[in-house]
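Worksheet for the structure shown next.
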Amino acid sequence: MEKLLIATKNKGKVKDFKGLFSRYGIEVYSLLDLEDEIPDVEETGSTFEENAALKAETIAGLFQMPVLADDSGLEVAALDGRPGIYSARYAGEEKSDQANIEKVLQELQEVPDEQRTAQFVCVLALAQPGKDTMFKRGTCKGTIIRNPRGNNGFGYDPVFVPSGYEETMAQLQPEDKNKISHRHHALVQLEAWLKERTK
Numbered sequence: 006m007e008k009l010l011i012a013t014k015n016k017g018k019v020k021d022f023k024g025l026f027s028r029y030g031i032e033v034y035s036l037l038d039l040e041d042e043i044p045d046v047e048e049t050g051s052t053f054e055e056n057a058a059l060k061a062e063t064i065a066g067l068f069q070m071p072v073l074a075d076d077s078g079l080e081v082a083a084l085d086g087r088p089g090i091y092s093a094r095y096a097g098e099e100k101s102d103q104a105n106i107e108k109v110l111q112e113l114q115e116v117p118d119e120q121r122t123a124q125f126v127c128v129l130a131l132a133q134p135g136k137d138t139m140f141k142r143g144t145c146k147g148t149i150i151r152n153p154r155g156n157n158g159f160g161y162d163p164v165f166v167p168s169g170y171e172e173t174m175a176q177l178q179p180e181d182k183n184k185i186s187h188r189h190h191a192l193v194q195l196e197a198w199l200k201e202r203t204k
């Protein structure tokens with residue numbers, strides 16, 4: 006694998022992936038580098054794995070090159086794992102972090118503090134033409150508090166306190182958050198796989 010397309014337009018993610026893959030001599034491109042817009046892939050899967058694979062495999066088929074895609078979200082134990090794969094649009098089709106947080110907090114209103122456990126999940130899918138798609142999953146466990154705190158981060162970060170911390174994800178400095186995030190843990194596993202490949 007000499008070249009890899011990352012199925013994202015998120016500059017932060019692109020930077021992370023470029024930093025990782027460049028160490029292994031792999032040239033990284035993203036959707037930002039394409040001359041033509043490609044249509045969004047419908048995320049019709051019922052798991053993070055299925056949705057990440059749909060994106061990676063569809064785009065790998067289009068370009069006949071290896072593609073890495075991710076899918077991530079928040080799973081709350083007391084809500085039977087919701088919002089899960091619907092995390093980004095939990096409160097409706099219009100993506101709104103504020104509305105999503107309010108909906109989760111409202112659903113957890115009657116749930117006692119010790120039962121408000123949750124985890125962020127990130128699944129990376131690497132699709133290569135003619136090969137089985139490979140998955141790496143990272144999680145970050147924590148609890149959901151009752152009132153949002155902090156301005157760093159996005160999504161559900163202001164109401165999620167990682168295990169072993171007193172600050173929410175949105176109160177942590179980006180470099181501290183990055184060391185414990187679900188995406189970080191998925192990337193660590195991906196790097197272990199890359200190391201094995203290049204032995």
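Numbering (the numbering used here), first residue to last: 6 to 204. Each residue gets a CB set at the ideal place from its N, CA and C atoms; glycine is no exception.
Extent of the continuous alpha helix (DSSP H) run through residue i
| i | result |
| --- | --- |
| T138 | Note, T138: premise wrong, no alpha helix (DSSP H); not H, not E. |
| F165 | Taken as a continuous stretch (DSSP letters only), F165 belongs to no alpha helix (DSSP H), being part of the beta strand (DSSP E) at 165 to 167. |
| I185 | 179 to 185 |
| E48 | No alpha helix (DSSP H) contains E48, which DSSP labels as neither H nor E. |
| E55 | 53 to 68 |
| E107 | 102 to 112 |
| F22 | 16 to 27 |
Residues near residue i in its chain [Cβ-Cβ closer than 8 angstroms; skip 5 each side]
| i | result |
| --- | --- |
| V19 | I11, T13, V33, S35, L37 |
| A58 | G50, A74, A130, A132, T138, F140 |
| S77 | F53, S92, F125, V126, C127, V128, H187, R188 |
| T144 | Q124, F125, V126, C127, H187, H190 |
| L84 | V109, E112, L113 |
| G160 | L79, S92, A93, D102, N105 |
| E172 | R154, G155, V166 |
| Q120 | A82, A83 |
| P134 | A65, G66, Q69, M70, P71 |
| E7 | G30, I31, E32 |
Residues that residue i bridges to, as DSSP identifies them
| i | result |
| --- | --- |
| E32 | K8 |
| F146 | The sequence shown places Lys at residue 146, rather than the Phe named in the question. Paired residues: Q124. |
| A130 | A74, F140 |
| P88 | E80 |
Range covered by the beta strand (DSSP E) that runs through residue i
| i | result |
| --- | --- |
| G78 | 72 to 81 |
Spatial neighbours of residue i in its chain, beta-carbon cut-off 7 angstroms, leaving aside the 5 residues before and after
| i | result |
| --- | --- |
| M174 | G158, D162, F165, P167, K182 |
| F26 | L9, V33 |
| K23 | V33 |
| E62 | A132, T138 |
| N56 | E48, G50, D76, I90 |
| E196 | L25 |
| T203 | Y29 |
Cβ-Cβ separation, residue j to residue i (assumed contact under 8 angstroms), whole Å
| i | j | result |
| --- | --- | --- |
| V81 | V109 | 7 angstroms |
| R154 | Q178 | Contact doesn't hold; Cβ gap of about 14 angstroms is too wide. |
| L192 | D21 | 7 angstroms |
Neighbourhood of residue i by C-beta distance below 6 angstroms, restricted to the same chain and skipping five residues each side
| i | result |
| --- | --- |
| Y95 | P88, N105, K108 |
| N152 | none |
| K146 | Q124, S168 |
Quiz item: Do the stretch 44 to 59 and the stretch 101 to 118 make contact, defined as three or more Cβ pairs closer than 8 angstroms?
Solution: no
Quiz item: Three or more beta-carbon pairs under 8 angstroms between the stretch 176 to 188 and the stretch 67 to 74, yes or no?
Solution: Verdict: no, contact absent.
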